[in-house]
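Here is the structure we will look at.
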Amino acid sequence: MQFDKTLIAIRERSIVDTLDIALHVCRIYAWPLLVTMGLGVIPLALLNHLLLARLARFEPDAPVSAEMVGNAVRFVWNMAVLIVIQAPLASAFATTYLGQAVFLEKPRIWAVVRGIAPCVPSLIWCHLLLRGVLPALFLAYVIDQDAAFSPAEWLLLTLLLALGFRRATAPFLNEIVLLERNPLRTGRGNAMTVGRRSAMLHGPSTSDLIYRFFVSSVCAVLLSFVLFGGCVCAQGVFWDDWAPGAFLIQVGVPLTMWLSAGFFTVVRFLSYLDLRIRQEGWEVELRMRAEGARLAGVMP
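With positions in the sequence shown counted from 1, the corresponding number in the working numbering is that position plus 754.
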């Protein structure tokens, strides 16, 4: 490991540059990112389907009706809310992989899985509880499928809005927990905990973080629409059916949303590197650590 020879160039980038290089990172690490995202996404996707499939009630070969459209809209909306809330937790393996990929040419998937084990308590506290994943799953479970828009759905929307501001102003919780390995609490009064590190990292850049969050959110929605349009087009070309059916709604919609979430996991990680460079001069720190290692005879 050579700190001054990183595989992802350590330098300041605008949000447009970040989106551009994220495409290249996804191309180079396509298979590892699919595997690591899948490790977090598949359990949550199956759980979401079990909770919400009852909302998407379609009769086979039945003509399209207002009720069917309403059911599809409710399913898609609630699925989108769940995925937005769950995306940081689902991306834990991918974030750890990207953190290793900065310095290692080919990080091992098994090493990534083992590396997350010590962080599981922090992830449970930060994501399942503080970032609302567990309450969101409970609200999805108690949704009244016969109501037009049940109270649980209003509460789920309220939870999303409440968490949205926190996500916008403190987006790098995964990176702090998984890469910097700060503890949740410690007996030493001056020790760097997750909360103190989050305030130190995010506090001075609130306006820039909100701007990047807004741009990323708009791009994520557009990307999801584009990917779903590709699914509809593929269905039309290969099966001569241009109308989104039950399978495409129940499987295609979550799939495109999770793919979009995977891409913006890379964007978030690159934005984290950018923030550390802007605030802490991280690229200078890496060069100094590399020179120190060479003087100590650790690095060639």
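Heads up, the beta-carbon is just placed ideally off N, CA and C, and yes, glycines get one too.
Nothing here was measured: the structure is a model prediction, and the numbers come from that model.
The straight-line gap separating the alpha-carbon atoms of Asn832 and Asn944 is approximately 42 Å. Fewer than three beta-carbon pairs drawn from the region 766-785 and the region 837-847 are found closer than 8 Å, and the two stretches are therefore not classed as touching. Looking from the CA of Pro925, the closest CA among Phe892, Pro889 and Cys880 belongs to Cys880. With a 10 Å radius around the Cβ and a threshold of 16 neighbouring Cβ atoms, Ile782 comes out exposed.
A residue is called buried when at least 16 other Cβ atoms come within 10 angstroms of its Cβ; Ile796 does not meet this threshold and is exposed.
Contact between the region 883-898 and the region 854-868 is absent, with fewer than three C-beta pairs closer than 8 Å. Look at the region 815-871 and you find these whole runs of alpha helix (DSSP H), each 4 residues long or longer: 820-844, 846-855 and 863-870. Here the alpha carbons of Val969 and Thr923 stand approximately 14 Å from one another. Each residue's CA atom was taken as its position, placing Pro786 and Leu793 some 11 Å apart. For Ala902, the three-state secondary structure derived from DSSP is coil. Residue environment for Met1011: buried (at least 16 other C-beta atoms within 10 angstroms of its C-beta). Boundaries of the alpha helix (DSSP H) harbouring Ile964: Thr960 to Trp993, taken from the DSSP string.
Judged by their CB atoms, Val1007 and Val887 are not nearer to each other than the 7 Å cut-off. DSSP places Val789 within a helical segment (H, G or I) once states are collapsed to three.
For Gly1016, the enclosing alpha helix (DSSP H) starts and ends at Val1007 to Glu1034. Here DSSP, grouped into helix, strand and coil, assigns Met954 to helix. As the crow flies, the alpha-carbon of Leu1027 is around 28 Å from that of Val980. For Thr790, the closest C-alpha among the options Ala799, Phe847, His778 and Val779 is that of Phe847.
Counting the other Cβ atoms within 10 Å of the Cβ of Glu929 gives 16 or more, which makes it buried.
The Cβ atoms of Val1020 and Cys873 lie no closer than 7 Å to each other. Under the three-state reduction of DSSP, Glu934 is assigned to coil, being neither helix nor strand. Burial of Phe967 is indicated by the presence of at least 16 other C-beta atoms within 10 angstroms of its C-beta. Here Asp995 is near Gln989, since their CB atoms are less than 7 Å apart.
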